[in-house]
Amino acid sequence: MLHTVNKSSFESASLKICLGLAKSGSDILLIEDGVYGALAGTIHATMLAEATSAVSVYALGPDLKARGLPEDRLISGIKVVGYDGFVELACANDKVQSWL
Amino acid sequence: MSETKKFMYINRRPPYGTVYPLEGLEVVLIGAAFEQDVCMAFISDGVFQLKQGQDTIESGMKNFSPTYRALGDYEVTRIYVERESLEERGLTEADLMPLTWEDEDDDWAEKPSIQIVSRTQLSDLLEEQDVVFNF
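Going line by line, the protein sequences match chains A and B. Numbering follows my numbering, with no gaps: position 50 of the first sequence is 54. Numbering follows my numbering, with no gaps: position 21 of the second sequence is 452.
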């Protein structure tokens, strides 16, 4: 299943809830304000870094760029994808769960 | 002439997920015409509004971050950023876009507008205000 998270992890528990319910092997895509969760060195970074061993975590490149977050500031193991990658993830998974 | 009041605009949301930051910035710029004693505070995810290097071309949104640089010309010269909020987000002052104002009492010397303050200092500043707006 593909999970998308669009809220900042500092403002909403949606990333934490998503990580708690996503099965091993799931894809998790951070979009919109959700991309702030991909930042290294934050109080929530450990939570996501630990999850990357069981799930694949992606962040949407155009949303990172809009917010001034360069790839070298992200938690290692997070893959940056474009809109085309978003479409590929949506097609590769049988279901999409949006944690709005 | 009415008495000058102390205004604080508190910004605590990230820049693009909602329209609050852009609308808030416009209110500050419009409100500057009323010649009050104005300051801005960036706390929580609001600190992301001042992040350097915002580039919205691929996402197709309006990049309003250069507008913050106009604040100095509107005599908004005190911009407080909470240190704890930066630290929680893995940011430092170097991540913020430089904002300045020109001091007419000091031969138009260019001075920094951003002041990094602790949560305790910000708490004291908040208490001093006559009017507080939240965006």
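Quick reminder that beta carbons are idealized off the backbone N, C-alpha and C, glycines included.
query: What is the rounded straight-line gap between the Cα of B/Ala525 and the Cα of A/Leu68?
result: By 1-based counting over the second sequence, the position of residue 525 of chain B is 94. By 1-based counting over the first sequence, the position of residue 68 of chain A is 64. The straight-line gap from Cα to Cα measures roughly 18 Å.
task: Consult DSSP for A/Ala70 and reduce its assignment to one of helix, strand or coil.
output: One-based indexing of the first sequence puts residue 70 of chain A at position 66. If DSSP states are grouped into helix, strand and coil, A/Ala70 belongs with the helices.
task: Name, in chain order, the residues that DSSP records as bridge partners for B/Asp534.
output: Mapped onto the second sequence, residue 534 of chain B falls at position 103. Paired residues: B/Ala540.
task: Helix, strand or coil for A/Ala63, going by three-state DSSP, please let me know.
output: Mapped onto the first sequence, residue 63 of chain A falls at position 59. The answer is strand: DSSP assigns A/Ala63 an E or B state.
Local Cβ density within 10 Å of B/Phe465, reported as buried at 16 or more and exposed below that: To locate residue 465 of chain B, count along the second sequence from 1; it is residue 34. Flag for B/Phe465 reads exposed.
- request: Specify whether the stretch 450-465 of chain B and the stretch 494-503 of chain B touch according to this definition: at least 3 beta carbon pairs, one from each stretch, less than 8 Å apart.
  value: The stretch 450-465 of chain B, when compared against the stretch 494-503 of chain B, does touch it at the 8 Å Cβ threshold.
message: Below 8 Å on C-beta distance, what does A/Ile82 contact in chain B?
response: In the first sequence, the residue the question calls residue 82 of chain A occupies position 78. Against A/Ile82, chain B offers no close residue; the least beta-carbon distance is about 14 Å (beta-carbon pairs closer than 8 Å).
message: On the criterion of 16 or more Cβ atoms from any shown chain inside 10 Å, does A/Gly29 qualify as buried, or is it exposed?
response: Indexing the first sequence from 1 puts residue 29 of chain A at position 25. Exposed, by the Cβ-count rule.
message: Under 8 Å, with one C-beta from each stretch per pair, do the stretch 500-518 of chain B and the stretch 530-538 of chain B reach the 3-pair mark?
response: yes
A/Leu93 versus B/Phe473 - alpha carbon distance: Taking the first sequence and counting its residues from 1, the one referred to as residue 93 of chain A is at position 89. Taking the second sequence and counting its residues from 1, the one referred to as residue 473 of chain B is at position 42. Between A/Leu93 and B/Phe473, the C-alpha separation is close to 36 Å.
task: Find the nearest neighbour of A/Thr50 within the set A/Leu23, A/Pro74 and A/Val84, judged by alpha-carbon distance.
output: By 1-based counting over the first sequence, the position of residue 50 of chain A is 46. Nearest option by C-alpha distance: A/Leu23.
- prompt: Distance, Cα to Cα, A/Gly65 vs B/Val548?
  reply: The residue labelled residue 65 of chain A in the question sits at position 61 within the first sequence. The residue labelled residue 548 of chain B in the question sits at position 117 within the second sequence. Approximately 32 Å between the Cα atoms of the pair.
message: Any beta carbon of chain A sitting closer than 7 Å to that of B/Lys482?
response: The residue given as residue 482 of chain B occupies position 51 in the second sequence. Output row for B/Lys482: interface = yes.
- request: On a CA-only basis, which of A/Val9, A/Lys11, A/Leu34 and A/Ala17 is nearest A/Val84? Give me that one, please.
  value: In the first sequence, residue 84 of chain A corresponds to position 80, counting from 1. When only C-alpha atoms are compared, the closest one is A/Leu34.
task: Anything in chain A within Cβ reach of B/Thr487, meaning under 7 Å, just list it in chain order.
output: As a working mapping, residue 487 of chain B is identified with position 56 in the second sequence. The contacting residues are Ala70.
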